[in-house]
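Before any comments, here is the structure.
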Amino acid sequence: MTSLKLLFGDIFPADVGDRPFAVRDRMEFTPQVRSNYVFELDDIRLLLMWDSPRVSYNKNLLLTGPKGCGKSELVFQFAARTGREVLRYSCHERTEFADLLGGMSILADGSTAFQDGPLTLAMRRGAIFMLDEVNAARPGTLIGLNGVLDGAESVTLPSGDVVKRHPEFRVAVTGNSLVRDESAAAFRGTGAMNSAFLDRFFVIEKDYLPEHLESRLIITYLSEILGDPMLNPQGIPVPVELPTSIVKFANVVREQFKKGQGEVSISTRGLLSFAEMIALRWPHVCHAPEDEVKFVASKTILGPVSGVMRASFLRILAAEAFDNKKWPDALLRQANRSAGSASSSRPRTAKIGTEAHVEILVNPNRQNSGNVAVWGYLRGETSHRAFHGVLTGQPRITWQAFKPTDEILAKADEKTRSRGYILSMRLVLPADQAKVLTTKTFVEGFPNSFTSPADPSNLAELGKAVERALVKTFGVNALVLR
Ligand SMILES: Nc1ncnc2c1ncn2[C@@H]1O[C@H](COP(=O)(O)OP(=O)(O)OP(=O)(O)O)[C@@H](O)[C@H]1O
Ligand SMILES: [Mg+2]
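Dropping the structure here:
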């Protein structure tokens with residue numbers, strides 16, 4: 236049992252948030268949790284109603300809204316938090332109802348057998364069937380779905396076999412502005428089907444997050460990436476004015492688009508990709524904020540805009556983010572100051588006691604990439620030496636220079652408070668072995684196929700795998716794990 240507040244965030248009225256909620260055990264098709272997803276109260280109310288076992292008449296949900304505003308992710312994250320499974324099918328031009336049902340496949344031994352499609356598999360398992368981007372399907376092709384939407388207890392396959400509907404089976408359909416745009420491609424030419432189809436759903440009309448929530452999402456995302464000393468060796472924090480002004484700018488563009496005055500809009504997806512590129516180029520951004528922000532915007536959120544239009548958008552962006560703003564100069568000063576101090580007063584070596592202690596924090600799902608990351612430090616007497624590493628994906632470990640103890644401890648504190656780092660370990664080795672801890676390009680021995688890294692029940696296994704990999708990578712023996 237957990238509470239609604241713990242699952243979806245502090246968005247509920249006081250008494251409701253603490254209400255107990257039974258979560259299912261995670262299964263094969265339960266999506267991964269992305270801890271930064273921001274839920275909105277009205278959406279959750281409707282999703283809970285739709286998911287409730289009491290619902291008997293309407294088990295279908297329709298999510299509409301502009302591109303990249305979080306329609307699909309809302310279903311995935313609702314499922315991830317509640318332990319629900321999701322089977323997704325993304326519609327395209329040639330989608331046929333038969334694709335959802337499955338078909339004959341050739342097995343390894345050369346024989347053939349029927350394999351479920353996403354719809355039939357979801358019906359059998361009691362999962363959520365998500366029919367994504369329904370606008371992309373040709374009109375009329377999905378009429379076969381109506382029986383299922385109407386609550387049919389089973390579907391019959393072309394072979395004559397019958398697939399029974401599990402009581403927890405639900406359907407979610409997403410599409411761009413299906414409700415407002417009566418001529419939406421999926422239903423064009425089918426006359427009355429549009430409203431008849433819509434009749435069969437609970438509807439969530441999503442839009443981009445309100446400005447303050449979207450700004451917070453981008454700030455948190457940027458700050459999390461920039462906590463990585465490889466990208467931000469000087470530890471320069473993000474000025475909040477940067478992400479907030481970009482979100483304001485996005486809202487100006489979105490308004491114009493709604494009025495039919497612009498050729499593109501900017502999605503939350505676009506803003507996150509903007510933020511990621513800003514983080515990857517952070518040292519450049521700190522030294523030339525305006526040029527870099529414009530460059531990154533041109534490559535991400537304004538990528539699809541034509542030349543003349545782009546120049547005009549960049550002027551609006553500059554007015555929003557730079558004109559008469561103090562943050563760019565403050566950022567520049569900070570960057571120059573850090574560069575100065577880095578070369579003068581930094582300790583270069585440190586005295587280690589008779590045993591070398593390496594404190595390690597493990598993040599089993601770095602930035603939701605599924606990769607296992609470690610951050611930690613070697614303890615000296617007055618200064619510590621931090622390292623950062625990724626153990627899956629493209630594995631590598633990089634050690635930084637020695638830095639004053641308080642600076643490293645503050646960083647450790649920040650890492651343990653950021654939700655990603657959930658496992659804390661210590662390796663102890665004889666002091667003379669500390670000198671072998673150098674930058675390694677490859678982390679040997681870490682299983683690249685490490686399963687469900689975000690699953691807390693895997694922590695002990697994860698701890699052992701990290702220990703084995705570090706021992707092998709640094710070639711040290713006699714390590715003790717405490
Ligand atoms: N409320 C939110 N909190 C956190 N991230 C969000 C939120 N809304 C959208 N995003 C992020 O924006 C990106 C796009 O979301 P998603 O794919 O769900 O959009 P969509 O509306 O389904 O887009 P499309 O119309 O292209 O199918 C994802 O990376 C998602 O994590
Ligand atoms: Mg989608």
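When the letters of the sequence shown are read in order and numbered with the working numbering, they come out as residues 236 to 717.
Just so you know, even glycine gets a beta-carbon here, dropped at the ideal spot from N, CA and C.
Judged by pairs of C-beta atoms under 8 angstroms, the region 452-465 touches the region 616-628, as three or more such pairs exist. Nearest Cα to S394 within the set E446, A407, G338, Y443: G338. DSSP places I595 in the uninterrupted beta strand (DSSP E) bounded by 590-598. Excluding five sequence positions before and after L567, the CB atoms of its chain that fall closer than 8 angstroms to its own CB belong to C521, H522, P524, given in chain order. The set of residues with any CB-heavy atom separation to ligand 2 below 7 angstroms comprises, in chain order, K306, S307, D367, E368, T409. When distances are taken from the beta-carbon of G538 to the heavy atoms of ligand 1, even the shortest one reaches 6 angstroms or more. Here N467 carries a coil assignment [DSSP, helix/strand/coil].
Bridge pairing for P665: E590 [DSSP]. Where V482 is concerned, the enclosing alpha helix (DSSP H) starts and stops at 476-493. Here I341 is exposed: its Cβ has fewer than 16 other Cβ atoms, across all protein chains shown, within 10 Å. Under the DSSP assignment, H522 falls in the alpha helix (DSSP H) whose first and last residues are 517-522. In the pairwise beta carbon analysis, the region 318-335 is classified as touching the region 260-267: at least three pairs are separated by under 8 angstroms.
No heavy atom of ligand 1 is found nearer than 6 angstroms to the CB of R601.
Judged by beta-carbon spacing, H592 lies within the 7 angstroms limit of V663, meaning their Cβ atoms are closer than that value. Minimum Cα-Cα distance from P402 among the listed residues D334, P288, Q469 corresponds to P288. A contact between stretches requires three or more CB pairs, one per stretch, nearer than 8 angstroms, and the region 550-561 fails this requirement with the region 498-508. For G303, the distance from the CB to the nearest heavy atom of ligand 1 is below 6 angstroms.
When DSSP reads this structure, E440 sits in a beta bridge with T299. Annotation for M358: V398, R400, F404 place their beta carbon closer than 6 angstroms to its own, counting only its chain and skipping 5 residues before and after. Counting C-beta atoms within 10 angstroms of its own C-beta, E449 has 16 or more neighbours from the protein chains shown and is therefore classed as buried. Per DSSP, reduced to three states, the secondary structure at K561 is coil, with no helix or strand assignment. Closest in alpha carbon position to G655, among T627, V607, V678, V701, is V607.
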